[in-house]
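Have a look at the structure below, then the notes.
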Amino acid sequence: MHIKSAEFVMSNSDVAKCPKDRLPEYAFIGRSNVGKSSLINMLMQRKSLAKTSGRPGKTQLINHFLVNKNWYLVDLPGYGYARVSKSSKKVFQKFITNYFEKREQMVLAFVLVDCRHEPQPIDLEFMEWMGETGIPFNIIFTKADKLKPKALERNIKTYSEKMLETWEEMPPFFITSASDSTGRDEVLNYINELNNS
Ligand code: GTP
Ligand code: MG
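Quick note: the sequence shown uses UniProt numbering, first residue 1, plus one each step.
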């Protein structure tokens, strides 16, 4: 898919105030610092469309980006960031779950996991919640540039085995790097197919 335009539309903590035009949207979710905002910038080939940071907890609102004037990318705050206070964590989680439960035009969520890490309970639990709630998702293994191919392959095998303890099959997944644009065509083509189906 060719990206002709990508523009920031709005930031929100209230799902009721998100864009009302019913265009299809795709959400990026995962632990703080996993690379959600960086991935959006990489997909759009825009350096700082979505704000990124080395410090976890950068994205704190639901951010809508309009792409090619006919679909949205949604950058969400990370979950599982220990340094935000317990009460603000609860508010965060509430508006993230609210978003997924209420946003009917959300076609697919991409759950991002850092390819370097062992399967983390918080991610597995989040995906279980998605499954129980009936929210379609794929997995994106991020930061692929940080691993050699063999190690990457091994980690994905470990991840798949862990998923198969709970799931009948491994959900579709992608491997990406915001540093060298690995996976860009694959993710964009997948979105394009869904938009046209
Ligand atoms: P929050 O908004 O805090 O939840 O984080 P986020 O998931 O949006 O992560 P963000 O995109 O801000 O990236 C976090 C850090 O990881 C930044 O320092 C990025 O430069 C780095 N990073 C993100 N993606 C990649 C990648 O593919 N490769 C490498 N090497 N670094 C990455
Ligand atoms: Mg972010």
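Cβ atoms here follow ideal geometry from the backbone N, Cα and C, with glycine treated the same way.
Computed from a predicted structure; not experimentally measured.
Practice task
Please find out if some non-hydrogen atom of ligand 1 comes closer than 6 Å to the beta-carbon of residue 47.
Solution key: Residue 47 Cβ: outside cutoff for every heavy atom of ligand 1.
Practice task
Would you kindly check if the distance between the Cβ of residue 12 and the Cβ of residue 61 is under 7 Å?
Solution key: Cβ atoms of residue 61 and residue 12: closer than 7 Å.
Practice task
Tell me whether residue 58 counts as near ligand 2, meaning its Cβ is closer than 6 Å to at least one heavy atom of that ligand.
Solution key: Residue 58: yes, Cβ under 6 Å from ligand 2.
Exercise for the section: Report the partner residues of residue 65 according to the DSSP bridge assignment. Expected result: DSSP output for residue 65 lists 8 and 73 as bridge partner(s).
Problem - Given 8 Å, three or more beta-carbon pairs between the stretch 142 to 156 and the stretch 95 to 106 - result: The count of Cβ pairs closer than 8 Å, one atom from the stretch 142 to 156 and one from the stretch 95 to 106, stays below three, leaving the stretches out of contact.
Practice task
Could I get the ranges of all uninterrupted beta strand (DSSP E) runs contained in the stretch 129 to 169, with 3 residues as the minimum, in chain order?
Solution key: Within the stretch 129 to 169, the complete beta strand (DSSP E) runs of at least 3 residues are 137 to 142.
Problem - Buried or exposed (CB count within 10 angstroms, at least 16 for buried), residue 122 - result: By the C-beta density criterion, residue 122 is exposed, having fewer than 16 other C-beta atoms within 10 angstroms.
Problem - Those residues which DSSP pairs with residue 29 across a bridge - result: Residue 29 is bridged to 111.
Handout entry: Cutoff 6 Å; reference residue 163; Cβ partners in own chain excluding five residues on either side
Key = Excluding residues up to 5 positions away in sequence, 170 lie with their Cβ nearer than 6 Å to the Cβ of residue 163 in the same chain.
Practice task
Find out if the Cβ-Cβ distance for the pair residue 32, residue 50 is shorter than 7 Å.
Solution key: 7 Å or more divides the Cβ of residue 32 from the Cβ of residue 50.
Exercise for the section: Within its chain, find whatever has a CB closer than 7 Å to the CB of residue 195; leave out the 5 residues flanking it on each side and keep chain order. Expected result: These residues qualify, in order along the chain: 24 and 71.
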